[in-house]
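Let me begin by presenting the structure, written as structure tokens, before commenting on it.
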Amino acid sequence: MPRPSQTFEGIQHVAVKVSNLEESLRFYTDILGFKVSEKYAPGEHPTLPVGLCFLRCSGLHHDLNLISFPEEAGDLSPLRKADQGPVADLGYHHFALMVRGREEFEAWREWIEENGIDIVRGPVVHSPTHPEGDGTWGENRAFYFCDPDGHRIEIFCEMARFDDQTNGIEPEWFADRLRKEGYDPSQYAPAPPYAGG
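For what it's worth, this note's numbering labels the leading residue of the sequence shown as 53, then goes sequentially.
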């Protein structure tokens with residue numbers, strides 16, 4: 053059977069293992085403004101001995117799922133069994149939250165700092181060719197911080213618009229972005245299209 057012809061609409065949600073469900077819930081609701089769709093304390097749901105909290109920042113049921121494994125669940129938890137192995141042990145690097153533009157980006161940066169949360173990287177512009185670029189890719193303006201368990205979170209704006217035909221950044225998008233930021237677009241060009249497989 054061939055792969056379905058439709059592409060994915062996007063990555064919809066992230067599930068994060070946390071050490072303290074209530075502490076993490078306060079962080080994601082009070083600091084980041086997520087709303088609770090459903091919450092189950094460890095052992096409250098009849099089919100799972102874990103703590104679960106489904107959070108949303110959109111109109112969907114959940115965009116983020118917090119999972120807490122109590123010690124008493126032991127190796128009997130079906131989720132813990134499924135999570136064993138080197139891939140699960142390595143975890144993920146970060147997840148990213150997109151905001152509408154620079155003004156909202158700066159408001160979030162100030163809010164995070166006002167709440168005593170360290171920014172561990174940034175603000176940066178992920179770009180090999182933007183005059184403020186850090187040499188990496190995506191063209192997005194970003195900063196990073198951590199939740200109470202050390203999970204890294206990125207808040208970003210202005211991700212590059214991509215042209216599927218050329219497999220590169222849309223030149224019009226790049227030029228318009230530079231103009232808005234006060235740079236002369238004739239002095240800079242987007243990174244060349246990706247030619248890899």
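Beta carbons: idealized from backbone N, C-alpha and C, even for Gly.
Integer Cβ distance of residue i from residue j, believed to fall under 8 Å
{"i": "Arg-108", "j": "Phe-86", "result": "6 Å"}
{"i": "His-65", "j": "Leu-116", "result": "6 Å"}
{"i": "Ser-76", "j": "Leu-118", "result": "5 Å"}
{"i": "Gln-88", "j": "Thr-81", "result": "Rather than Gln, the amino acid found at residue 88 in this sequence is Val. Between Thr-81 and Val-88 the Cβ distance is about 7 Å, and since that is below 8 Å, they are a contact."}
{"i": "Pro-245", "j": "Thr-218", "result": "5 Å"}
Which of helix, strand or coil DSSP assigns to residue i
{"i": "Leu-112", "result": "coil"}
{"i": "Tyr-196", "result": "strand"}
{"i": "Ala-67", "result": "strand"}
{"i": "Leu-77", "result": "helix"}
{"i": "Ala-159", "result": "helix"}
{"i": "Ser-238", "result": "helix"}
{"i": "Pro-175", "result": "strand"}
{"i": "Glu-191", "result": "coil"}
{"i": "Arg-152", "result": "coil"}
{"i": "Leu-230", "result": "helix"}
{"i": "Glu-90", "result": "strand"}
{"i": "Asp-186", "result": "coil"}
{"i": "Asp-215", "result": "strand"}
{"i": "Glu-96", "result": "coil"}
{"i": "Glu-224", "result": "helix"}
Counted within 10 angstroms of its Cβ, other Cβ atoms place residue i as buried (16 or more) or exposed
{"i": "Arg-152", "result": "exposed"}
{"i": "Ala-67", "result": "exposed"}
{"i": "Ile-63", "result": "exposed"}
{"i": "His-114", "result": "buried"}
{"i": "His-145", "result": "exposed"}
{"i": "Ala-241", "result": "exposed"}
{"i": "Ser-110", "result": "exposed"}
{"i": "Tyr-196", "result": "buried"}
{"i": "Arg-154", "result": "exposed"}
{"i": "Ala-247", "result": "exposed"}
{"i": "Glu-97", "result": "For the record, residue 97 in the displayed sequence is His; it is not Glu. Flag for His-97 reads exposed."}
{"i": "Ser-57", "result": "exposed"}
{"i": "Arg-231", "result": "exposed"}
Contacting residues, own chain, Cβ-Cβ under 8 Å from residue i (five flanking each side not counted)
{"i": "Met-211", "result": "Met-150, Gly-190, Glu-191, Asn-192"}
{"i": "Ala-227", "result": "Pro-237"}
{"i": "Val-172", "result": "Tyr-196, Phe-197, Cys-198, Arg-204"}
Close-in-space but distant-in-sequence residues of the same chain around residue i (CB under 7 Å, 5 per side omitted)
{"i": "His-203", "result": "Val-68"}
{"i": "Arg-229", "result": "Glu-210"}
{"i": "Tyr-235", "result": "Pro-183"}
{"i": "Asp-170", "result": "Phe-197"}
Cβ shell of residue i (< 6 Å), same chain only, five flanking positions each side left out
{"i": "Thr-188", "result": "His-178"}
{"i": "Asp-215", "result": "Glu-222"}
{"i": "Ile-83", "result": "Asn-167"}
{"i": "Ala-243", "result": "Pro-180, Thr-181"}
{"i": "Gly-185", "result": "Val-177, Ser-179"}
{"i": "Arg-213", "result": "Glu-222, Trp-225"}
Below-7 Å beta-carbon distance, residue i vs any chain B residue
{"i": "Val-88", "result": "Looking at the structure shown, chain B is missing, and only one protein chain is on hand."}
Exercise. Using 8 Å as the threshold, is the segment 156-170 in touch with the segment 220-233, meaning 3 or more CB pairs across them?
Worked result: no
Exercise. Below 8 Å, can you find three or more Cβ-Cβ pairs linking the segment 174-187 to the segment 78-95?
Worked result: no
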